[in-house]
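Residue numbers (my numbering): -8 to 202.
Glycine included, every Cβ here is placed at the ideal spot set by N, Cα and C.
Remember, predicted model here, so these are calculated numbers, not experimental data.
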């Protein structure tokens, strides 16, 4: 499984079309979700030039997994379509909280993807969100995903109780981003001052480490 993380406007039209067809086969044909689709392609109003994607490919270059990332300080799936899953709380609206949606690691060709492949894709999506400045992730998921996340060692928390929506039992899920995944530029200014002060007081040989 190889990964590509990119903003939508950086993807060529061929890859975009392939991704839309893959999503249609997974979410509409296989899982039976009632989603906007046209001519065998699944896309909605949250797929635009500023959307980020993580795309997984097999050894033959075929898509066998994907994830969509959106900042919550603009329109996103949970905030616009599923706010009731927040149990009366306002959906998050902050530049450092990102939404993960359209996540799947379904292999439509050889069915060779393993549970570890799913975890690898999710870790890649989390790492990508972190590089974009995210400190936490929110997601709408089928309730069965909860056990999977715990099995993979991900730090998760329900934002509200599960609800049945269009025949599917869904819930809003918080996913914490480990501190080590966050980019250095995201450190608070106060912490930067502390680190710089300590570095200035540390002998040069100690900073460089043992060669």
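| message | Spatial neighbours of residue 178 within its chain, please: C-beta separation below 7 Å, excluding the five flanking residues on both sides. | response | What you label residue 178 is simply residue 187 of the chain shown in a count that begins at 1. The pLDDT assigned to residue 178 is 46, lower than 50, so where the model puts this residue is not dependable, and the model offers no usable value.
message = Which of the three DSSP states is assigned to residue 30 in this structure?
response = The residue given as residue 30 occupies position 39 in the chain shown. Three-state result, residue 30: coil.
Check your understanding: Rounded to a whole number of angstroms, what is the C-alpha to C-alpha distance between residue 56 and residue 81?
Key -> Working through the chain shown from its first residue, we reach residue 56 at position 65. Working through the chain shown from its first residue, we reach residue 81 at position 90. Taken atom to atom, the span from the alpha-carbon of residue 56 to that of residue 81 is near 31 Å.
| DSSP state of residue 105 mapped onto helix, strand, coil | As a first step, residue 105 must be located in the chain shown, where it is residue number 114. Residue state, collapsed to three classes: coil.
- Between the beta-carbon of residue 62 and the beta-carbon of residue 89, is there less than 8 Å? Translated into positions along the chain shown, residue 62 becomes position 71. Translated into positions along the chain shown, residue 89 becomes position 98. Contact check for residue 62 against residue 89 passes: the beta carbons are separated by less than 8 Å.
Among all the DSSP beta bridges, which residues are the ones paired with residue 89? Your numbering for residue 89 matches position 98 in the chain shown. 62 and 128.
Residue 7 by DSSP, collapsed to three states: which one? In the chain shown, the residue the question calls residue 7 occupies position 16. Correct three-state label for residue 7: helix.
Measuring straight from C-alpha to C-alpha, what distance separates residue 169 and residue 110?
Translated into the one-based positions of the chain shown, residue 169 becomes position 178. Translated into the one-based positions of the chain shown, residue 110 becomes position 119. Approximately 15 Å, taken between the alpha carbons.
Discussion item. What does the Cβ neighbour count give for residue 3, buried or exposed, with the cut at 16 atoms within 10 Å?
Written reply: Your numbering for residue 3 matches position 12 in the chain shown. Around the Cβ of residue 3, a 10 Å sphere holds fewer than 16 other Cβ atoms; the residue is exposed.
Subject >> C-alpha distance - residue 21 paired with residue 100, whole-angstrom precision >> reply: As a position in the chain shown, residue 21 is number 30, starting the count at 1. As a position in the chain shown, residue 100 is number 109, starting the count at 1. Whole-angstrom Cα-Cα distance: 13 Å.
Note to self: By the three-class DSSP mapping on this structure, what secondary structure does residue 96 have?
What the structure shows: What you label residue 96 is simply residue 105 of the chain shown in a count that begins at 1. Coil.
Return the CA-CA distance between residue 129 and residue 42, expressed in angstroms with no decimal places. Taking the chain shown and counting its residues from 1, one reaches residue 129 at position 138. Taking the chain shown and counting its residues from 1, one reaches residue 42 at position 51. For residue 129 and residue 42, the distance between alpha carbons rounds to 15 Å.
Review point. Over what stretch of residues does the alpha helix (DSSP H) that includes residue 53 continue unbroken?
Key: Here the question's residue 53 lines up with position 62 in the chain shown. Premise fails: residue 53 is in no alpha helix (DSSP H) and is neither H nor E.
Requested in this report: State the Cα-Cα distance for the pair residue 39 and residue 67, rounded to the nearest angstrom.
Outcome: As a first step, residue 39 must be located in the chain shown, where it is residue number 48. As a first step, residue 67 must be located in the chain shown, where it is residue number 76. Using only the alpha carbons, I get a separation of about 11 Å.
- Would you grab the beta carbon distance between residue 106 and residue 47 for me? Rounded to a whole angstrom, and I think it's under 8 Å. Against the chain shown, residue 106 aligns to sequence position 115. Against the chain shown, residue 47 aligns to sequence position 56. So it is not a contact: roughly 14 Å between Cβ atoms.
- For residue 104, is the classification buried or exposed, using 16 other Cβ atoms within 10 angstroms of its Cβ as the cut-off for buried? Indexing the chain shown from 1 puts residue 104 at position 113. That one is buried.
- [ ] Output the boundary residues of the alpha helix (DSSP H) element that contains residue 137.
- [x] Locating residue 137 in the chain shown gives position 146, where the first residue counts as 1. Segment 136 to 142, the alpha helix (DSSP H) holding residue 137.
Exercise. Quick one: is residue 98 buried, meaning 16 or more other Cβ sit within 10 Å of its Cβ, or exposed?
Worked result: Taking the first residue of the chain shown as position 1, residue 98 is located at position 107. Label assigned to residue 98: buried.
Pull up the distance between the alpha-carbon of residue 204 and that of residue 108, whole angstroms please.
-> Shown here, the chain extends from -8 to 202; a query on residue 204 therefore has no answer.
Euclidean distance between Cα positions of residue 15 and residue 125
Your numbering for residue 15 matches position 24 in the chain shown. Your numbering for residue 125 matches position 134 in the chain shown. For residue 15 and residue 125, the distance between alpha carbons rounds to 28 Å.
TODO: Report yes if the CB atom of residue 78 is closer than 8 Å to the CB atom of residue 158, and no otherwise.
DONE: For the purposes of this step, residue 78 is identified with residue 87 of the chain shown, where counting begins at 1. For the purposes of this step, residue 158 is identified with residue 167 of the chain shown, where counting begins at 1. Result no, Cβ atoms of residue 78 and residue 158 do not sit closer than 8 Å.
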